[in-house]
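Asks:
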Amino acid sequence: MVTDQLDQLRRDAQKGLDSAATTNELSDWHARYLGRKGALTDAMRQLGALSAEERPAFGKAVNALKTELSEAFEARQEIVRGAQLDARLATDAIDVTLPGRPLELGTLHPITQLIREVSSIFAHLGFQTIEGPEVEDAYYAFDALNIPKDHPARDVWDTIFVQSESREIVLRPHTSPMQVRTMERLKPPVRVIVPGRCYRYEALDATHEWHFQQVEGLAVDEHLTMTDLKGTLAEFARQLFGPQRKVRFRCDYFPFVEPGVDFAIDCMVCHGDGCRVCKGTGWIEILGAGMVHPNVLANVGYDPDKYTGWAFGCGFERLAMLKYGITDIRAFYQSDLRFLSQFDRATA
Ligand code: YSA
103 MVTDQLDQLR RDAQKGLDSA ATTNELSDWH ARYLGRKGAL TDAMRQLGAL SAEERPAFGK
163 AVNALKTELS EAFEARQEIV RGAQLDARLA TDAIDVTLPG RPLELGTLHP ITQLIREVSS
223 IFAHLGFQTI EGPEVEDAYY AFDALNIPKD HPARDVWDTI FVQSESREIV LRPHTSPMQV
283 RTMERLKPPV RVIVPGRCYR YEALDATHEW HFQQVEGLAV DEHLTMTDLK GTLAEFARQL
343 FGPQRKVRFR CDYFPFVEPG VDFAIDCMVC HGDGCRVCKG TGWIEILGAG MVHPNVLANV
403 GYDPDKYTGW AFGCGFERLA MLKYGITDIR AFYQSDLRFL SQFDRATA
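In my numbering, the protein residues as written are 103 to 450.
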């Protein structure tokens, strides 16, 4: 009788196991038959009601059934898990034939592109590109450039001072300190350009930023004259802005040159007729330049009777504004991708 009950239990359990198709259904089945309150535990409890002769055989049969069902459960569990995995793979499968998602490549900042272009032009003219410190000793920024303390010209550069107890330290307001550092390090002949970031305590407007990039040019040798300066700058302007450009030199004053000039190109908007961009003059000034002052040469130990030199300093943002027709300098540093992505010709 009790054996019949166990046979019925086996059939029911097997049937239930065969129809369990999910892990949830399997765990329900496990609770129902093999759990602490399951059918096999109930069967074990019946032992007490049996006679002493019947008990061992029944106990053995229940244990055997428990082992049998446990093994059947594990086998079924494998099958159900495998089937579930297959189903998931079929629906979630990665389609390796789909095209990949394109990577968003950044582009070089327009000013970086221009720095490279200008460096390349000057490389072809025999100039080496070097760099120098942005945090600078006032000696290099002013004193060695023939701008002693209390000289009114010192104010022209709207300098940002960095606190220092022993020395006067500034964020360089121009790249001209590199004239001095270069001449201290090298013997003539010298031909270098120095692109780099500069800082000034400026009132910001369409043509003034508080940080901007300049390029300094310096050539020192025996017998260098103003004609070399004029020829080099004219060639530079023509290569950067096109062969049709006219150039103009006018007298200007910088304490570290004698004589000093400003250099302009004819306005690319009105071609010299006069318009709003060139403020009616027909010319657009792009840099300051001149013959290196003998005092500056003497400061670095060069013999001013033997060597002459010329130098210039030019703002990259102003060059870029002219080259690309940009009317507000602040656009370069607002990180607006709609603006920056227009200059996407170089990516490395
Ligand atoms: C002059 C003679 C030399 O032999 C060598 C260099 C120089 C240039 C000198 N060191 C200098 O800084 N002159 S400058 O104050 O007139 O600036 C030169 C250029 O830097 C300007 O023509 C302009 O293009 C750029 N610049 C100056 N202040 C700027 C600026 N660009 C953007 N924002 C500013 N606040």
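C-beta atoms are modelled at their ideal positions from N, C-alpha and C, and glycine is treated no differently.
Computed from a predicted model, the values in this text were never measured in an experiment.
#1: For the region 392–421, which segments carrying the alpha helix (DSSP H) assignment without a break, of at least 4 residues, lie completely within its bounds, in sequence order?
#2: Comparing C-alpha positions only, which one of S222, R183, M328 sits nearest to I295?
#3: Compute every distance between the C-beta of E318 and the non-hydrogen atoms of the ligand YSA, then say whether any falls below 7 Å.
#4: Check whether the region 255–263 and the region 223–238 touch, using three or more Cβ-Cβ pairs below 8 Å as the test.
#5: Buried or exposed: I196, going by 16 or more other Cβ atoms within 10 Å of its Cβ?
#6: Can you confirm whether E155, when its beta carbon is compared against all beta carbons of chain B, has any partner nearer than 8 Å?
#7: Should L331 and W259 be called a contact, given that it needs their Cβ atoms to be closer than 8 Å?
#8: Are the beta-carbon atoms of A122 and R178 separated by less than 8 Å?
#9: Using 8 Å as the threshold, is the C-beta distance between L171 and Y135 below it?
#10: Nearest by alpha-carbon distance to F445: which of L216, R157, P204, Q148 is it?
#11: Assuming contact is defined by CB atoms lying nearer than 8 Å, are E419 and E311 in contact in what I supplied?
#12: Going along the chain, which unbroken runs of the beta strand (DSSP E) with 3 or more residues stay wholly within the region 126–166?
#13: What does G390 pair with, by DSSP beta-bridge criteria?
#14: Alpha carbon to alpha carbon, what distance is there between R432 and F186?
#15: Within 7 Å: the Cβ of C416 and any heavy atom of the ligand YSA?
#16: Can you list, in chain order, the stretches of the beta strand (DSSP E) that have 3 or more residues and sit fully within the region 239–313?
#17: Taking D120 as the reference, give the member of A174, T143, R157, A154 with the closest Cα.
#18: Quickly, what does DSSP pair C353 with across the bridge? List them, please.
#19: Determine the closest residue to G374 out of H132, E236, K348, S437, with distance taken between C-alpha atoms.
#20: How many Å lie between E127 and A133 at the Cα?
#21: Measuring only from the beta carbon, is I295 closer than 7 Å to any heavy atom that is part of the ligand SAH?
#22: Name the two residues that bound the continuous alpha helix (DSSP H) containing R218.
#23: Tell me whether the beta-carbon of G319 lies closer than 8 Å to the beta-carbon of E236.
#24: Of the residues P158, V164, G150, R138, which one's Cα is nearest the Cα of R110?
#25: Quick one: residues in its chain with C-beta nearer than 8 Å to the C-beta of L421, no 5 flanking neighbours on either side, listed in chain order?
#26: Using CA atoms only, rank isn't needed, just tell me which of Y241, D114, R269 is closest to F167.
#27: In or out: T334 buried (at least 16 other Cβ within 10 Å) or exposed?
#28: Could you give the first and the last residue of the continuous alpha helix (DSSP H) run that contains E337?
#29: Indicate the three-state DSSP secondary structure (helix, strand or coil) for D188 in the structure shown.
#30: What is the DSSP secondary structure of F445, reduced to helix, strand or coil?
Replies: This is what the structure gives:
#1: 396–401
#2: Check the Cα spacing between I295 and each of S222, R183, M328: the tightest is with S222.
#3: Checking the Cβ of E318 against the ligand YSA gives yes.
#4: no
#5: exposed
#6: Protein chains in the displayed structure number just one, and chain B is not present.
#7: no
#8: Judged by their CB atoms, A122 and R178 are nearer to each other than the 8 Å cut-off.
#9: yes
#10: L216
#11: yes
#12: none
#13: D364, G415
#14: Checking the sequence shown, residue 186 turns out to be Gln, not Phe. The alpha-carbon atoms of Q186 and R432 are separated by roughly 60 Å.
#15: yes
#16: 262–264, 271–273, 292–301
#17: A174
#18: V363
#19: K348
#20: 10 Å
#21: With respect to the ligand SAH, the structure offers nothing, as its ligand set consists of the ligand YSA.
#22: 212–226
#23: no
#24: Sequence check: residue 110 is Gln here, not Arg. With distances taken between Cα atoms, Q110 lies closest to V164.
#25: L216, V220, L342, I388
#26: The sequence shown places Leu at residue 167, rather than the Phe named in the question. Cα-wise, what sits closest to L167 is D114.
#27: buried
#28: 328–343
#29: helix
#30: helix
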